[in-house]
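Participant:
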Amino acid sequence: MAQDDPPKGTDKSTEWAEFRTDLAEDRNIMAMERTFAGWMRTAFAAIGIGLGFRAVFGEFQPPWLAKAIATMFIVGGAWLAVTAERRACKTLARLDPHEFEAISTPNFKVMAYAVATGSAILVAGLWILNDGDLTG
């Protein structure tokens, strides 16, 4: 008898109810994965807004203000990625896949922390790679 098999002596309606519950849990996992993807898209959008702000308002006066606003959006995108990973991993820990294989927790971590690391490098480049002048 497999782990997910109903105990002997249960009626068919109980067996089907348990199967539907298992499928509902699978749907919740898939919904969590879609939600994670949505948060990652939002993180990338925030990073893109930061880059766009810096590009459009590069000659802004004072010059550090455009960098500061761009930095807020980029750091916000990194924060969104890490927060999405933490929520996805907590949700995945509470749920059990039954009929399909869910994305593994390390994949969520790799993606989120890659976005956060890339954001940190982007912010550093934004402030440092301007001939070393932090004001221009």
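Residue numbering for the sequence shown follows full-length UniProt numbering, beginning at 1 and increasing consecutively.
All C-beta atoms, glycine included, are put in the ideal place defined by N, C-alpha and C.
Every value quoted in this text rests on a predicted model; they were computed, and no experiment measured them.
Just checking my contact of L122 with I74 at CB under 8 Å: how many whole Å lie between their CB atoms?
Facilitator: So it is a contact: roughly 6 Å between Cβ atoms.
Participant: Just the Cα atoms here: how many angstroms apart are A120 and A70?
Facilitator: Each residue's Cα considered, the two are about 12 Å apart.
Participant: Check whether the Cβ atoms of R54 and A45 sit closer than 8 Å, and answer yes or no.
Facilitator: No, the pair does not count as a contact, with Cβ atoms beyond the cut-off.
Participant: Can you list, in chain order, the residues of its chain with a C-beta nearer than 6 Å to that of G50? Leave out the 5 residues immediately preceding and following it.
Facilitator: A70, F73, I74.
Participant: So, is A88 buried or exposed, given that buried needs 16 or more other C-beta atoms within 10 angstroms?
Facilitator: A88 is buried by the Cβ-count criterion.
Participant: First and last residue of the alpha helix (DSSP H) that includes E85?
Facilitator: Segment 63-94, the alpha helix (DSSP H) holding E85.
Participant: Among residues of its own chain, excluding the 5 on either side of V105, which ones have a beta-carbon nearer than 7 Å to its beta-carbon?
Facilitator: Here residue 105 turns out to be Thr, not Val, going by the sequence shown. Hits under 7 Å: C89, L92.
Participant: Under 8 Å between the Cβ atoms of F36 and A78?
Facilitator: Going by C-beta atoms, F36 is not nearer than 8 Å to A78.
Participant: Are the Cβ atoms of M32 and M111 separated by less than 8 Å?
Facilitator: Their beta carbons are not under 8 Å apart, which means M32 does not touch M111 by this criterion.
Participant: In angstroms with no decimal places, state the Cα-to-Cα distance between F19 and M30.
Facilitator: So the two alpha carbons sit approximately 17 Å from each other.
Participant: Please state whether the Cβ-Cβ distance between L80 and A114 is less than 8 Å.
Facilitator: No, the pair does not count as a contact, with Cβ atoms beyond the cut-off.
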